[in-house]
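Residue numbers (my numbering): 26 to 422.
No residue lacks a Cβ here, since even glycine has one placed at the ideal position from N, Cα and C.
Okay, structure first, notes after.
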């Protein structure tokens, strides 16, 4: 099994993830998930999302990986009973008490051990497997060699590993800095991301020390972004069966691009063209983290992100008789060269937009109404959910 596992911060993102090739999605309800600031799912939305996904032959894993307090357990018990009724395909937990409650309340639900549990070694994996866990989401600090050793110890346990997205400077995301500085607990889903901020070192007298990178301060805690697209075969050989993409709070465009890339690489192998897809997005400098051993180059001290090579222009709503109807997301004009992002055969095709018409049906030369419905001529058969983007001019041009 080589599962592409995508984040779903809301229902629309879930649909995008499945459309672009995800085999499964992970998501959170309104409580107990470590992404409180994602839209997340109400109980009714969970019911609809699980049904929608199952009809398409795919899976939904639900996050309940907060570090629970005593007061959380009555609601957690009700939640697990609901997930059992709804037919969730797995529940992610990190806390031993929550694990125990889940096994007693809904023993038929597969239990996935969250990366927050810091599964770093074969004995920890054996421990969770003996208790009934079916999958471990491995700590991001592991090398391929260490993953292979864990797989050898628990060959019947599914291993899931992050392959793409933002990284946390703290050990498997177990951070207390946000709580200390802002009163928002990372371990209960409310991280304010203080590691992404600029810092200065000052003496008691107030003098600024030379640790500054520039006049704005130093990014002392800012991690690079993970990118394992070129190494999926290595991960599979080590025993990883589920390739996990980070980003429940990322945009639909980001999600479509990353899922589409990893789906195609998993199916056809890596190529320069596919690997360059991940440069179309704004991102921090990429790293393979610890896959090949200790790595002191995982920090991004400069702080700034690299602007992607493409702009998100529109989401396709319909295509009939050679004309596309789109919802505008980025300003474009008559005569612009647009590129298609699609899970279908039109992927990476380019065309020049012409015969542009405004939402009221009148001819226009400039699409500048955000989320306005525009139509224009397109020679390729587009499908609902396809995305149009525009290449940025190369630097110096």
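When the options are compared against residue i, the one with the closest alpha-carbon
i           : options            : result
residue 377 : 166, 395, 349      : 349
residue 397 : 99, 95, 403, 385   : 385
residue 160 : 174, 144, 169      : 144
residue 131 : 186, 105, 43       : 105
residue 78  : 50, 54, 87         : 50
residue 316 : 258, 108, 26, 42   : 258
residue 96  : 252, 189, 122      : 122
residue 108 : 329, 158, 53       : 53
residue 322 : 309, 72, 286       : 309
residue 273 : 312, 35, 291       : 35
residue 264 : 135, 162, 417, 110 : 162
residue 356 : 375, 312, 381      : 381
residue 81  : 70, 312, 417, 45   : 45
residue 412 : 387, 282, 184, 286 : 282
residue 256 : 58, 367, 296, 325  : 296
residue 311 : 170, 251, 330, 164 : 251
residue 182 : 165, 166, 298, 158 : 158
residue 341 : 278, 313, 330      : 278
residue 365 : 324, 387, 416      : 416
residue 414 : 325, 70, 375       : 375
Straight-line gap, residue i to residue j (C-alpha atoms, nearest Å)
i           : j           : result
residue 56  : residue 89  : 8 Å
residue 193 : residue 186 : 15 Å
residue 289 : residue 99  : 43 Å
residue 154 : residue 103 : 25 Å
residue 371 : residue 306 : 20 Å
residue 239 : residue 125 : With a pLDDT of 46 at residue 239, under the threshold of 50, the predicted position of this residue should be treated as unreliable, though the coordinate-derived value follows. Answer to the nearest angstrom: the Cα atoms are 50 Å apart.
residue 276 : residue 337 : 10 Å
residue 347 : residue 401 : 8 Å
residue 359 : residue 85  : 41 Å
residue 43  : residue 369 : 13 Å
residue 117 : residue 111 : 16 Å
residue 291 : residue 68  : 33 Å
residue 27  : residue 266 : 5 Å
residue 73  : residue 83  : 14 Å
residue 208 : residue 247 : 20 Å
residue 249 : residue 31  : 20 Å
residue 379 : residue 302 : 26 Å
residue 180 : residue 156 : 16 Å
residue 419 : residue 184 : 40 Å
residue 237 : residue 191 : With a pLDDT of only 45 at residue 237, under 50, the local geometry of the prediction cannot be trusted, and no value is derived from it.
residue 329 : residue 170 : 32 Å
residue 324 : residue 298 : 27 Å
residue 404 : residue 352 : 18 Å
residue 287 : residue 58  : 25 Å
Beta-carbon proximity list for residue i, same chain, < 6 Å, skipping 5 on both sides
i           : result
residue 119 : 90, 139, 141, 142
residue 304 : 334
residue 115 : 86, 135, 137
residue 235 : Below a pLDDT of 50, predicted positions are generally treated as unreliable, and residue 235, at 46, falls in that range; the measurement from the model is reported next regardless. Closer than 6 Å at Cβ, skipping near neighbours: no residue.
residue 332 : 307
Cut-off 8 Å between Cβ atoms - residues of its own chain near residue i, not counting five sequence neighbours on either side
i           : result
residue 383 : 389, 392, 394, 397, 399
residue 406 : 344, 371
residue 178 : 147, 148, 150, 151
Cβ separation of residue i and residue j, assumed to be a contact under 8 Å, to the nearest whole Å
i           : j           : result
residue 101 : residue 93  : 7 Å
residue 146 : residue 172 : Incorrect: roughly 11 Å between the Cβ atoms, too far for contact.
residue 373 : residue 354 : Residue 373 to residue 354, Cβ: 19 Å. No contact.
residue 280 : residue 38  : 6 Å
residue 268 : residue 29  : 6 Å
residue 47  : residue 362 : About 29 Å; that fails the 8 Å criterion.
residue 261 : residue 300 : About 17 Å; that fails the 8 Å criterion.
residue 189 : residue 271 : 6 Å
residue 168 : residue 294 : Not really, about 23 Å apart at Cβ, beyond 8 Å.
residue 165 : residue 314 : 6 Å
Per DSSP, cross-strand counterpart(s) of residue i
i           : result
residue 110 : Per DSSP, none; premise fails for residue 110.
residue 413 : 339, 365
residue 324 : 248
residue 344 : 349
residue 398 : 352
residue 138 : 118, 161
residue 312 : 251
residue 391 : 358
residue 52  : 87
residue 29  : 268
residue 79  : Residue 79 pairs with nothing; no bridge assigned.
residue 57  : DSSP output for residue 57 lists no bridge partner at all.
residue 184 : 161
residue 377 : 362
7 Å Cβ shell around residue i - same chain, five flanking residues per side excluded
i           : result
residue 343 : 350, 409
residue 64  : 34, 35
residue 127 : 105, 116, 118, 134, 136
residue 71  : 54, 111
heavy atom of the ligand FAD below 7 Å from residue i C-beta
i          : result
residue 37 : With respect to the ligand FAD, the structure shown offers nothing to examine, as it has no ligands at all.
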